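Report on the structure given below.
Protein chains: 4
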Amino acid sequence: MAPRRHNPDLHGNAPDSSPVALLIVDAINDLEFPGGAAMLPRAVRMARRIAALKRRATDLGIPTVYVNDNFGRWRSDFRRTVAHCLDDDVRGKPVVELLVPDENDYFVLKPKHSGFYNTTLDLLLDYLQTETLIITGIATDVCVLFTAADAYMRDMTVIVPSDCVTAVTPAAHRTGLAQMRSALKAKVTSSASIDLARLAHARRRASGGGKRSSRKRAG
Amino acid sequence: MAPRRHNPDLHGNAPDSSPVALLIVDAINDLEFPGGAAMLPRAVRMARRIAALKRRATDLGIPTVYVNDNFGRWRSDFRRTVAHCLDDDVRGKPVVELLVPDENDYFVLKPKHSGFYNTTLDLLLDYLQTETLIITGIATDVCVLFTAADAYMRDMTVIVPSDCVTAVTPAAHRTGLAQMRSALKAKVTSSASIDLARLAHARRRASGGGKRSSRKRAG
Amino acid sequence: MAPRRHNPDLHGNAPDSSPVALLIVDAINDLEFPGGAAMLPRAVRMARRIAALKRRATDLGIPTVYVNDNFGRWRSDFRRTVAHCLDDDVRGKPVVELLVPDENDYFVLKPKHSGFYNTTLDLLLDYLQTETLIITGIATDVCVLFTAADAYMRDMTVIVPSDCVTAVTPAAHRTGLAQMRSALKAKVTSSASIDLARLAHARRRASGGGKRSSRKRAG
Amino acid sequence: MAPRRHNPDLHGNAPDSSPVALLIVDAINDLEFPGGAAMLPRAVRMARRIAALKRRATDLGIPTVYVNDNFGRWRSDFRRTVAHCLDDDVRGKPVVELLVPDENDYFVLKPKHSGFYNTTLDLLLDYLQTETLIITGIATDVCVLFTAADAYMRDMTVIVPSDCVTAVTPAAHRTGLAQMRSALKAKVTSSASIDLARLAHARRRASGGGKRSSRKRAG
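Protein chains in written order, with the working numbering: chain A, 18 to 236; chain B, 18 to 236; chain C, 18 to 236; chain D, 18 to 236.
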């Protein structure tokens with residue numbers, strides 16, 4: 018059906034296009050898996066940094082996209098997954114409390130490791146005309162890395178704030194960061210040092226068509 | 018993260034695999050578009066037939082998958098779209114009332130016309146080991162046809178109950194049916210004549226690997 | 018590996034970007050299938066028209082993309098498929114003789130019906146910054162229609178010269194054309210009436226980012 | 018068009034299904050990029066090992082798939098890329114000489130880093146009913162890793178013979194191997210220790226449908 022064009026105002030109040038977007042990968046997570054208990058303190062620290070980064074992003078009109086596993090619960094929607102993770106007896110509760118989504122956030126349900134695999138993320142980023150992704154969340158060496166690799170293949174610029182990602186072990190965390198730095202040419206840095214204002218106001222590339230065109234041309 | 022394997026019981030009570038599935042395409046629809054008013058009586062008749070077919074399917078353990086447009090509302094989840102369509106002043110309300118999803122139904126948000134384009138549908142059907150799709154909903158010649166074509170390319174058997182699909186005009190409806198019958202080798206029939214019990218208990222193909230393998234081999 | 022950037026001159030002499038491209042779908046075809054003999058005279062007429070259209074396109078710097086089935090011959094490349102179709106005892110020879118590819122043409126091997134399904138076509142069109150497709154070839158109601166539908170979902174403008182497509186039966190041809198005209202808003206017209214010069218010199222859309230961005234925004 | 022079914026004999030003499038396949042990624046490579054000269058001796062050693070592994074695989078009926086970049090040459094086919102790399106003044110010639118494809122090998126042209134991204138590889142492996150991939154080639158930490166990650170997301174078993182992959186630097190090689198071992202649960206081993214006979218005769222998984230189904234069910 019064609020009705021999707023009839024009311025452009027449905028999109029809400031946040032800006033509908035942005036050269037940069039903040040991705041939060043699998044942070045809405047009950048941590049109920051082997052290694053989850055040992056990971057919890059690091060995950061809480063990570064969540065505090067993501068929350069701070071998200072506040073700065075929101076103030077600048079930079080959209081946040083939750084890209085989250087459904088953990089096999091194909092029948093659940095994202096709000097229900099959030100509610101589940103806020104139950105008192107769930108290990109991940111202190112992480113998720115810090116990262117409860119707002120009305121203006123976007124959600125993408127991902128069934129596998131990469132946020133781009135069999136999801137709407139690619140189309141959403143096209144719609145938002147986004148060229149740069151700040152990727153945060155869990156785990157540095159798996160879902161964050163896989164999502165970053167798929168963004169890189171789509172000629173997007175990838176920024177990974179090292180204090181806003183974590184993994185089951187510190188070694189896996191370091192390997193993931195090294196990999197993104199070397200193979201994906203990702204900017205790996207502290208969240209505090211990311212100049213969000215500059216990214217938010219980046220002019221789009223002027224020459225020869227648009228975002229995708231110029232990006233893909235490089236490939 | 019790997020935790021998705023830790024609790025297979027999360028999937029609910031409905032069977033997690035089925036050789037056949039019922040797809041309901043864009044029936045959760047406010048019909049607020051040009052031609053929507055003229056279409057309403059036909060859409061209500063369609064919804065009654067889909068509801069009856071869905072009851073029969075559910076009794077036999079056949080899963081229902083709502084494959085629905087988000088109509089540009091990237092920030093909404095499916096339950097919110099349902100709620101919106103049940104508002105008193107929404108044209109599609111009498112259609113949607115007949116088709117309110119149950120706890121055990123699956124949802125797939127589709128951003129474009131085909132239910133397979135940039136969505137999780139393909140993976141969900143793999144997970145369900147589904148070989149045959151009964152496709153219903155709106156509109157016969159656009160989203161239903163596009164979804165049927167993508168199912169056919171994936172070597173699935175497509176059944177289209179002609180009383181469970183409709184379009185903006187009767188002529189477009191007929192063209193869509195003709196197209197699916199001839200080009201997609203779809204079985205176009207009345208919903209009453211579909212032998213759901215036989216489809217539900219179909220043995221999987223025995224030879225040489227499984228569903229996907231055998232299906233794709235034919236292609 | 019990164020070396021793909023080291024030598025931009027490899028692309029040949031034809032312009033590497035064009036707002037419009039000519040697609041030739043499955044015309045490199047041995048026609049060795051039921052209905053192929055009856056179809057042959059129509060296919061030869063079609064091939065003559067495509068050849069004339071391609072000459073006009075080439076003169077204007079509009080690229081031609083052969084999007085062709087491999088007919089199960091995963092081990093063959095496209096030139097070998099062309100060679101096979103030029104064998105003396107192959108039914109499709111008089112068709113293929115009219116459409117032998119040039120050095121500057123592009124090839125996309127498609128394993129299924131749509132030229133976009135599991136192929137490089139989407140990336141190639143991004144690279145070419147193409148917004149409008151002129152789709153020709155075999156068969157109007159199957160591979161041409163499926164390819165046109167996938168182009169429409171990607172917000173491309175679709176033009177179908179009715180004398181440059183054909184199908185197993187005239188009825189199937191007409192249904193395919195009707196479908197593309199109504200559901201895909203395709204421009205169905207005679208090849209002679211397509212103003213290639215205007216299309217070749219179309220300015221890209223100026224506003225808000227580029228091709229893909231603007232296109233997808235409409236969706 | 019439907020003719021792809023008319024002649025199953027076109028596929029050649031090699032078996033058309035195999036539980037395991039050998040992938041050779043970007044080894045058909047002119048090495049004409051920064052770092053290519055330093056890499057050459059390692060690439061030649063790698064090529065010798067791949068060639069030996071390929072001979073053992075061929076003797077057991079295990080198919081080889083060349084998954085190769087087109088390096089921006091959209092108009093070239095694979096055989097032409099091979100020919101280019103065999104020119105006297107091309108740096109990669111001693112590598113490519115060792116790995117010239119045979120009549121029975123499969124080719125997949127990949128436009129980006131992963132062999133699965135916008136290519137026919139997924140469909141080809143479905144057709145071959147392959148569950149295990151032995152991934153070889155260039156570079157360990159980029160195209161090999163990306164391809165391995167995409168295979169892992171598709172629930173395939175990944176084996177990486179460490180002497181059959183290489184990278185621009187030894188450090189990048191080691192990081193890539195570590196990543197595949199930890200995040201993808203890949204079996205990283207020497208090529209000599211791979212028990213090809215056992216892999217070639219692996220029975221397919223018996224339970225609940227087939228390959229894809231069982232694999233994806235785990236996800």
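Backbone N, C-alpha and C define an ideal beta-carbon position, used for all residues, glycine too. In this text, all values refer to a predicted model and were calculated from it rather than measured experimentally.
Nearest by alpha-carbon distance to residue i: which of the options is it?
i: D:I176; options: D:A184, D:R198, D:C160 and D:A214; result: D:R198
i: A:G53; options: A:G109, A:V117 and A:D119; result: A:G109
i: B:G154; options: B:N85, B:D76, B:P51 and B:I211; result: B:N85
i: C:D167; options: B:L142, B:L150 and B:K129; result: B:K129
i: A:S210; options: A:N46, A:R73 and A:F133; result: A:R73
i: A:M56; options: A:K204, A:A184 and A:F124; result: A:A184
i: A:I152; options: A:F133, A:Y144 and A:V107; result: A:F133
i: C:L213; options: C:V61, C:V182, C:P178 and C:A203; result: C:P178
i: B:K127; options: B:L103, B:R59, B:D94 and B:P58; result: B:D94
i: C:V113; options: C:R191, C:V82, C:A200 and C:V61; result: C:V61
i: D:A64; options: D:I41, D:M173 and D:F50; result: D:I41
i: B:V205; options: B:D122, B:A165, B:D119 and B:D76; result: B:A165
i: C:D180; options: C:S34, C:R59, C:D33 and C:L48; result: C:R59
i: A:A219; options: A:L77, A:D47, A:A69 and A:N46; result: A:L77
i: D:P111; options: D:D47, D:P118 and D:K71; result: D:D47
i: B:P118; options: B:S131, B:V99 and B:D104; result: B:V99
By the three-class DSSP mapping on this structure, what secondary structure does residue i have?
i: B:F95; result: helix
i: C:V123; result: The identity of residue 123 of chain C in the sequence shown is Tyr, whereas the question assumes Val. Residue state, collapsed to three classes: strand.
i: B:A38; result: strand
i: C:D86; result: strand
i: A:L138; result: helix
i: A:G52; result: coil
i: B:P128; result: coil
i: A:L145; result: helix
i: A:T153; result: strand
i: A:T164; result: helix
i: D:T75; result: helix
i: B:P178; result: strand
i: D:K233; result: Residue confidence is low: D:K233 scores 28 on pLDDT, short of 50, so the model does not pin down where it sits. No coordinate-derived value is stated.
i: C:V159; result: coil
i: C:H23; result: With a pLDDT of 34 at C:H23, under the threshold of 50, the predicted position of this residue should be treated as unreliable, though the coordinate-derived value follows. DSSP places C:H23 in coil when its eight states are reduced to three.
Residues of chain B with a CB under 8 Å from the CB of residue i: which are they?
i: C:Q13; result: No answer is possible for residue 13 of chain C: it lies beyond the span of chain C, which begins at 18 and ends at 236.
Closer than 9 Å by beta-carbon distance: list the chain D residues that pair up with residue i, in chain order.
i: C:T136; result: N135, T136 and T137
i: A:S210; result: None at all; the shortest Cβ gap to chain D is about 24 Å.
Starting from the beta carbon of residue i, find every residue of chain A whose beta carbon is closer than 8 Å, and list them in chain order.
i: B:P178; result: Residues of chain A passing the Cβ test: none, with the nearest at roughly 19 Å.
i: B:D94; result: D94, F95, R96 and F124
i: D:A189; result: S199 and A200
Going along chain A in order, which residues have a C-beta closer than 7 Å to the C-beta of residue i?
i: D:G166; result: Residue identity check: residue 166 of chain D is Ala in the sequence provided, not Gly. Under the 7 Å cutoff, chain A gives F163 and A166.
Applying a beta-carbon distance threshold of less than 8 Å, which residues of chain C neighbour residue i?
i: D:L140; result: P128, K129 and N135
To the nearest whole angstrom, what separates the beta carbons of residue i and residue j, a pair I think is in contact under 8 Å?
i: C:I67; j: C:A38; result: Not quite, the Cβ-Cβ distance comes to about 14 Å (not below 8 Å), so this is no contact.
i: C:N135; j: D:L194; result: Not a contact, Cβ separation roughly 29 Å.
i: A:T174; j: A:T149; result: 4 Å
i: D:A189; j: A:D158; result: The pair is not a contact, with the Cβ atoms about 16 Å apart (cut-off 8 Å).
i: A:T81; j: A:D122; result: 5 Å
Exercise for review: Could you tell me which uninterrupted alpha helix (DSSP H) segments, each at least 4 residues in length, are contained entirely in the stretch 192-221 of chain B, listed from first to last along the chain?
Suggested key: 213-217
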